[in-house]
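Chemist: Dropping the structure in here first, questions after.
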Amino acid sequence: MVPTASPDPLPEPSPSPALRRDPLTGCWSYHPDLTHKPFTLARRHLPEPGGPCAFCTLAAEPVEANGSIRNGEQISPLAANGEHAFALENRWRPFEPTSGAQLVIARRHVTALEDLTVPELAEFLTFLVRLGARQGRRFPRTLCFVNIGLEVNGTQPHLHGQVVSTDLAVDAPWTATFTLESLDQDVLQAREAGLVVEEAAALTYCPWAPTASGEVRILAPEIPTLARALHGTLWRLRAVLGEFPYNLLVRDAPSLLAQVVPRLSAVGVLPDYFGLTVVTLPPDHIARDLRLAHDSPPDPTR
Ligand SMILES: [Zn+2]
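Start counting at 1 in the sequence shown, then tack on 1155, and there's your number in this note's numbering.
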C-alpha cells in the first residue's frame, strides 16, 4: 500500500569528527576508523594508444589563416594557441548542442600534469582558466577539469584538459556554496586541524571535510604561483601514493583554487546511494605524509 502521510523529517545531521560537511561543495563525508580495515588504493592505468597519438598529430598541424587547424576532413577552430599548449573549440561536448566544450592540449606528449615543466603547466592552466572564465559569462554551469588515468575517464594517453559548460538546470549545491565565506571556513577548518601542507606564495592544504579521499586544495594569487605549488603537490602525492588516478578541478572565482582529487578506492556505490563520501585516507595522515615528501621527481641518475 502506498503511504499517504509524509514521514517525519529526518533530523539535520550535525558535523562531528566522523561526519563532516565540505563548506565548498556541500557534500558530506564519513571518516571511518581505518585501524582494522584499511582500504586498497587504486593504481593508475593508461589507455592503449591504438595507433599514432591523435593529439601529437593535431599539435603538428599548421595553423590556417582563419585560425583553425585541419584534422583530416575536420576543421577545428583554435580557442587558444601558445608555445606549450593549444585549445580547440567544441570538442567532446557531453551535453546538448547549445552547450560548450573546449579541449586544452599540451604540445608535448606527456600523460600527467606533473610531467610538464612549471612554465608549461602555467600556460596549460592559463588556457583552462581563461576559457573557463569566457564560458562562465555565457553559461550558468562551467567546469574546468583534467582527468588523469583510465579510472577517471582519461581516454587519451596525451595530457589534455576540458572546459565543459551547460545551461541545464539541476539542483546541485556546489555552485551556490562556493563563496569567499565558504572558502574562509574551509581554510580555517584546515588550519585548526593542522592540515596545512605548505604556506608560501600559495596555500596548500588538505580539507578537513574533503569531498574525495586524499583531496588537496591549493589557493594562489596568480597562475604562475599556482603552477609551481601544483607541480610540487603532485610530485609529493606521487611520493606518498605511487602513480594514482586523479582529477584536477580549477576555479578562478571567487578565488583561484585548484583541487587535486585522487580517485583511490573502489568504494564505488556508497557515495552515490548514501549521499556520503567514505574517506579512506584520513586528511591528517595525508597532510603529515605530504609535508615530509619531496616536491620534485626522483633524480633518475641516482
Ligand atoms: Zn601525443
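The C-beta atom is built at its ideal place from N, Cα and C for all residues, glycine as well.
So, with DSSP's three-state summary, where would you put Pro1418?
Modeler: Checking the sequence, you will find Arg at residue 1418 rather than Pro. Of the three classes helix, strand and coil, the one that applies to Arg1418 here is coil, per DSSP.
Chemist: Please indicate yes or no: does the CB of Phe1250 lie closer than 7 Å to some heavy atom of ligand 1?
Modeler: no
Chemist: Can you check whether the CB of Ala1173 is closer than 8 Å to the CB of Tyr1185?
Modeler: yes
Chemist: Taking Pro1274 as part of the alpha helix (DSSP H), name the residues at either end of that continuous run.
Modeler: 1273-1291
Chemist: Ala1277 to Leu1271, Cα distance in whole Å?
Modeler: 9 Å
Chemist: Using 8 Å as the threshold, is the C-beta distance between Pro1376 and Leu1403 below it?
Modeler: no
Chemist: Consider the Cβ of Arg1199: report whether some Cβ of chain C lies at a distance smaller than 8 Å.
Modeler: The structure shown contains no chain C; it is built from a single protein chain.
Chemist: So, for Ala1382: in the same chain, excluding its five sequence neighbours on each side, which residues have a beta-carbon less than 7 Å away from its beta-carbon?
Modeler: Val1273, Leu1276, Ala1277, Leu1280
Chemist: What is the DSSP secondary structure of Pro1232, reduced to helix, strand or coil?
Modeler: strand
Chemist: Under the criterion of a Cβ to heavy atom distance below 7 Å, does His1186 qualify as lining ligand 1?
Modeler: no
Chemist: Go through its chain and collect everything with a Cβ distance to Arg1446's Cβ below 8 Å, but skip five positions before and after it.
Modeler: Val1352, Glu1353
Chemist: Report yes if the CB atom of Ile1373 is closer than 8 Å to the CB atom of Ala1357, and no otherwise.
Modeler: yes
Chemist: Among all residues, which have a Cβ less than 6 Å from at least one non-hydrogen atom of ligand 1, and in what chain order do they fall?
Modeler: Cys1208, Phe1210, Cys1211, His1264, His1313
Chemist: Identify the residues that DSSP records as bridge partners of Trp1183: which are they?
Modeler: Answer by DSSP bridge pairing, in chain order: Arg1176, Leu1431.
Chemist: Would the region 1251-1269 count as touching the region 1281-1295 if we require 3 or more Cβ pairs under 8 Å?
Modeler: Touching, per the Cβ criterion.
Chemist: If we ignore side chains and look at the alpha-carbon of each, how far apart do Arg1296 and Gln1290 end up?
Modeler: 9 Å
Chemist: Kindly give me the distance between the Cβ atoms of Leu1131 and Val1318, rounded to whole angstroms, as I take these residues to be in contact under 8 Å.
Modeler: With the chain covering only 1156 through 1457, there is no way to say anything about residue 1131.
Chemist: Between Thr1359 and the rest of its own chain, which residues show a CB-CB distance below 7 Å, the 5 nearest in sequence each way excluded?
Modeler: Val1352, Glu1353, Val1371, Ile1373, Ala1384, Thr1388
Chemist: In chain order, what residues of the same chain have a beta carbon less than 6 Å from the beta carbon of Trp1183, not counting five sequence neighbours either side?
Modeler: Arg1176, Leu1431
Chemist: Tell me which same chain residues have a C-beta within less than 6 Å of the C-beta of Ala1364, skipping the five on either side of it?
Modeler: Arg1175, Arg1176, Asp1177, Ser1184
Chemist: Starting from the C-beta of Met1156, find all residues in its chain whose C-beta is less than 8 Å away, skip the five residues before and the five after it, and write them out in chain order.
Modeler: Note on Met1156: pLDDT 48, under 50, position unreliable in the model; the coordinate value appears next. Excluding sequence neighbours, Met1156 sits near nothing in its chain.
Chemist: Tell me, please, whether the region 1203-1215 touches the region 1305-1317 by the rule of three or more beta-carbon pairs shorter than 8 Å.
Modeler: yes
Chemist: In three-state DSSP terms, what is His1315?
Modeler: strand
Chemist: To the nearest angstrom, how far is the alpha carbon of Leu1165 from that of Gln1340?
Modeler: Legend: pLDDT at Leu1165 = 49, less than 50; position of this residue unreliable, no value from coordinates given.
Chemist: Among Val1218, Pro1437, Phe1429, Pro1409, which one has its Cα closest to the Cα of Leu1419?
Modeler: With distances taken between Cα atoms, Leu1419 lies closest to Pro1437.
Chemist: Drop a sphere of 10 angstroms on the beta-carbon of Ile1441, count the other beta-carbons inside from all chains shown, and report buried for 16 or more, exposed for fewer.
Modeler: buried
Chemist: My guess is that Arg1199 and Ile1303 are in contact by the Cβ rule of under 8 Å, so how many angstroms apart are they, rounded?
Modeler: 7 Å
Chemist: Starting from Phe1241, trace the beta strand (DSSP E) both ways and give me its first and last residue.
Modeler: 1240-1244
Chemist: Taking the alpha carbon of His1264 as the reference point, which residue from Arg1248, Val1434, Ala1215, Glu1244 has its own alpha carbon closest?
Modeler: Of Arg1248, Val1434, Ala1215, Glu1244, the smallest CA-CA separation from His1264 is found for Ala1215.
Chemist: Measure from the alpha carbon of Ala1408 to the alpha carbon of each residue in Ala1448, Cys1299, Asp1188, then state which is nearest.
Modeler: Answer by Cα proximity: Cys1299.
Chemist: Let me check understanding here. Comparing Cα to Cα, which of Phe1333, Glu1347, Pro1217 lies closest to Val1405?
Modeler: Residue nearest to Val1405 within the set Phe1333, Glu1347, Pro1217 is Phe1333 (criterion: CA-CA distance).
Chemist: Taking the C-alpha atoms as reference points, what is the distance between Phe1294 and Gly1255?
Modeler: 8 Å
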